[in-house]
Structures are given as structure tokens and as C-alpha cells.
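Chains as they are written, first to last, in our numbering: chain A, 1 to 213; chain B, 1001 to 1213. All C-beta atoms, glycine included, are put in the ideal place defined by N, C-alpha and C. Computed from a predicted structure; not experimentally measured. Notes follow once the structure below has been shown.
Number of protein chains: 2
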Amino acid sequence: MQQVKKGKVSNAVIRRLPRYYRTLDAFYRDGIVRISSSALGSSMGITASQIRQDLSCFGEFGQQGYGYNIADLRREIADILGMNHHYSAILLGSGNLGRALLRNFRFAKTGFTLTAAFDADPALIGTSISGFNVRSIETLDEYLKTHSTSVGILTVPKSEAQNMTNHLIAGGVKGIWNFTNVEIDVGDSGVTVESVHFSDSLLALSYLISEKA
Amino acid sequence: MQQVKKGKVSNAVIRRLPRYYRTLDAFYRDGIVRISSSALGSSMGITASQIRQDLSCFGEFGQQGYGYNIADLRREIADILGMNHHYSAILLGSGNLGRALLRNFRFAKTGFTLTAAFDADPALIGTSISGFNVRSIETLDEYLKTHSTSVGILTVPKSEAQNMTNHLIAGGVKGIWNFTNVEIDVGDSGVTVESVHFSDSLLALSYLISEKA
DNA sequence: TTATTTTTGTGATTTTTATCACGAAATTTG
DNA sequence: CAAATTTCGTGATAAAAATCACAAAAATAA
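Below, the structure written as C-alpha cells:
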């Protein structure tokens, strides 16, 4: 269903898709039925033209004189984003940040299913966090052998990041959601890495407020 | 010292600066003294030309036939990023994510000083998290009146995001580091918002692994 | 029903971003 | 010390991304 029209989708477009989904989802929950590209654009602070051009990478979802049906477009974008694959994810590192994700992050809203949490700390192993029994990191390889897993979430100390990455790759994951503040190396494994670098974000903010002064 | 050369620095360049800093900092800590744009580029997976072009927005930091002195360039970029302003920050919302930041995030490494933490939960107020005495959110306005604060960190529930934003703006912050999953509105206040949208990041990963399948 | 308005999807254009390529300057080698 | 090599900074070029503009289609109004 995806990419029915053109060739490769640019990174710029890919990065906007989640926001389209998020915005449409909010309208959907508010019960709004239809929206034009210009209304959607002004609510997002981008041009109508950009929205139409972006969507044209994937197909024709609108109707002249009417606009877009919000429920339909929301569903199409969910589909494009792969939210209906119901990917499985495991979390490595049940420290503060890992716990915050376990407790607060609504994985189901992104189509993901969190299936297990691991840690190296004996004091944590066996405890329950938000319904997840924390497993020993020693059992990770075995777990991955018996449970096909799409994504590994790295919330371990940076010193462990590359080692854990290697185990995840060997275990056959497709992607790694990396919260450690280092670039991890996946070699030619073909595994996709998506990093959340808190410090990069804060430093960008630092630049922007300095610039204005 | 910044922007000695050209006009406006593009967003693309701004987003790369923190990574330059992070990479140079790692080399600096390893005791490496000098590096060429091509060596830096291949270590970062970008072109030498892009690095030289990016840096040229801010000045001339290299030397023909030699390359860049790592300690010097690291310092220059820290300066460009505003890391020497020692901006102050307060954290609103001492739940799981807030606690993770309080405990794990090295604010000092980005030049920031965390000065206070707030929460609305009476059970949390008065407790100490990583050396910070959690203050009542009721005292926020008063705090901001008496303590000039550069940045507010939003780790509150999304339902409180806009309300807290309004208080931060009224209190005179320059920037908001937004971890809530909504777009906050700062009107014409001139306050800079930098958002960390976990779900956007995970959905981008979802798209990328779907695309390969 | 017919005219007017709205709005899409897309080719063309403009703007932005990244890469190329080379002179100039400094280092390193012989 | 001179020749060869390295490497920067930048103007020119290429590629990518965003915007414009309009025909076509559908909705709405008269």
C-alpha cells in the first residue's frame, strides 16, 4: 500500500510523517471529520503545498473541493508508518530512563508492543516495573532466540551501548531505538538505528537562545 | 565571537553543531590533538566539504596542511553553542521522566545548571531527588520572580503542558525544553521551544524498518 | 440545473542545502 | 632548502527540498 507512486521518500518527508499522524489523531479524537490541506497546514505552521506534495509520495488521499477525510488519512498514515505491523520491542536497561519509558510511554499508541525488560543489576532482576518482570541481561541471547523481536530499546549506560548493540544484532532485531549518548555501530547488519540524543537537543536550544540575545 | 562571517545560520547547520561538539569532545577526551576535515567527516559519516562549509558560517578555525586543533575547535563550538553562558534551568514535573533527567542527565556537560525541581504531587513535594528538594508547583511564579531562569524543562502530563508554558513565559524564561507529546503555544513571546517527541522518533523508526521489509 | 467556489495533485520554478573543485597556505619529506 | 603533499576556505555547481501556480474535479450556492 505504501509508496504507490514515486521512488525513494526523502528523509525530510519521513520526519514529518509522525507529526502529520499526531496532528490528525488529535483532530480525529476531537471528532473533526474533514480538513483541507490549507487548514491542516496552518494548524501545523507549514504550507498547504508541502502537505500535498508530501502526501503525493504515497498516493492520492484527498478529493478536490472537499479536502481530506481525517479518519481515512489518519489510517493511511498509520499504515505508511508501519503502525499496523505491531512490532515487538524489548527494553535493555531498567534504570531511571528505562523505568520512565516502561511506566509513561504509550507503546500501543505507536503500534508497538513491549514484550520484555532487562537489566544487569541483581537488585532489579525479578522485580516488577509497570507489569514487566525485569529479566537478567544474561538471558537476553536466549530470549532473542525464542522470541522474534523487532526493536531493541537501549537505555543502558553508554559504556554498555555497543556491547548490547552487538547482542541485539546477533539476536536478529530490525531496529534499535538508542537513548545512549553515543553513536552505535551496526556495521553492515542492515539494522536501522534511531537515536534520541537529549544533549544534542538541549544544545540546539542553547544555541537558539544565545543567538537571540 | 559567533557568526563573525555570514548572515543567518541554517537550521540544518544548527542541528549538526551539537554532534560536532560531541564528536570533538570524545576525541579531546581521548587525547587526540589534531584532525582533518576528511578524518572528522569519515568518523561522522558526512563529507569533509560539509564540515568545512558548516564551520565557515562562524569563522576560520583550521589551518592548511594541518587541519583543526581538536581542543581549540571543541572550545570554539562550545562557544558558538552558548555553553559558556551557563544558562540556568528548572524542571517542572518530577515524575518518572523528570526523575530520570534529574538523576542521569549531566546538565553541566552542556553548560546548563539545574537550579530547582517542581511538582504538583503533595507526596513528592519536599522529598529530595538527586540532591534537589522538590518544590510545590504553587511556588513557581514566586520562584521565577526571584530567580532569573533561562530555561524551563517540561516533563509534566500533557494536560498541564500549556498551562505550565504560560507560567514559564510570564516568568521570563528564554527557552522551553518540551518533553510532553504536544505542541505548545508560546504566542508572540519570543520564547524558543525545543521539543523531544519520543513517539515521533519511534514512528520514524517504525517507518524505516517497514520500508526495508 | 448551472454558475461559482473550493481544493486537490502535479509540473514548473525558486530556494535551500550539499558537493565539487581549486587556489592558497602550511606542513612534511627528501 | 626545495619539492611534494596535505588541507583549508570558498566560489561554482549539482542535488534536494519547498513553493508556486494552474488544470481538473468535486462541492456548494444560486
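| said: According to DSSP, is B:T1180 part of a helix, a strand, or is it coil? | reply: coil
| said: Counting only Cβ pairs nearer than 7 angstroms, list the residues of chain A close to B:K1174. | reply: I209
| field | Option nearest B:S1189 by Cα separation, candidates B:T1165, B:E1160, B:L1081 | value | B:T1165
| query | Taking all protein chains shown into account, do 16 or more other C-beta atoms lie within 10 angstroms of the C-beta of A:Y216, making it buried, or fewer, making it exposed? | reply | Outside the displayed range of chain A (1 to 213) lies residue 216 of chain A, so it cannot be described from this structure.
| Spatial distance of B:I1032 from B:G1045 (CA atoms) | 19 angstroms
| request: Take every Cβ of the segment 110-119 of chain A, pair it with every Cβ of the segment 87-100 of chain A, and state whether three or more of those distances are shorter than 8 angstroms. | output: yes
| request: May I ask you to list, following chain order, the residues of the segment 1087-1118 of chain B that have a beta carbon less than 9 angstroms from some beta carbon of chain A? | output: Y1087, A1089, G1095, N1096, L1097, G1098, R1099, A1100, L1101, L1102, R1103, N1104, F1105, R1106, F1107, K1109, T1110, G1111, F1112
| said: Given this structure, state the Cα-to-Cα distance separating A:D72 from A:T146, to the nearest angstrom. | reply: 37 angstroms
| Proximity test, Cβ basis, 8 angstroms: B:A1259 and chain A | Residue 1259 of chain B is absent from the structure shown; chain B starts at 1001 and stops at 1213.
| query | Can a CB atom of chain A be found closer than 8 angstroms to the CB of B:V1151? | reply | yes
| query | In angstroms, rounded to a whole number, what distance separates the CA positions of B:V1196 and B:E1060? | reply | 32 angstroms
| query | Going along chain B, which residues have a C-beta under 9 angstroms from A:D54? | reply | The premise fails here: A:D54 is roughly 13 angstroms from chain B at the closest Cβ pair, so nothing lies under 9 angstroms.
| query | In chain B, which residues lie less than 9 angstroms from A:E60 when you measure between Cβ atoms? | reply | Simply none; closest approach about 20 angstroms.
| said: Between B:R1029 and chain A, is any beta-carbon pair separated by less than 8 angstroms? | reply: no
| query | Exposed or buried, which one is B:N1181 when buried takes at least 16 other CB atoms within 10 Å? | reply | buried
| said: Using the three-state DSSP reduction, which class does A:G98 fall into: helix, strand or coil? | reply: helix
| said: Let me confirm a value: B:S1201 is counted as buried when at least 16 other C-beta atoms fall within 10 Å, else exposed. Which label applies? | reply: buried
| request: Use the C-beta contact count for B:G1126: other C-beta atoms within 10 angstroms, 16 or more gives buried, fewer gives exposed. | output: exposed
| task | Just the chain A side, please: which residues come within less than 7 angstroms of B:P1122 by C-beta, in chain order? | result | Result: empty, since nearest Cβ-Cβ is about 20 angstroms, beyond 7 angstroms.
| message | Between the alpha carbons of B:L1040 and B:N1084, how many angstroms are there, rounded? | response | 24 angstroms
| task | Could you check how far apart the C-beta atoms of A:L17 and A:L81 are, in whole angstroms? I think they sit under 8 angstroms. | result | 6 angstroms
| task | Below 8 angstroms CB to CB, which residues in the same chain sit around B:S1199 once its five sequence neighbours on both sides are set aside? | result | N1181
| Proximity of B:A1048 and B:S1038 at Cβ, strictly below 8 angstroms | yes
| Residues sharing a beta bridge with B:S1210, DSSP | Answer is none; B:S1210 lacks a bridge partner.
| query | Out of curiosity, what's the CA-to-CA distance linking B:R1015 and A:S206? | reply | 12 angstroms
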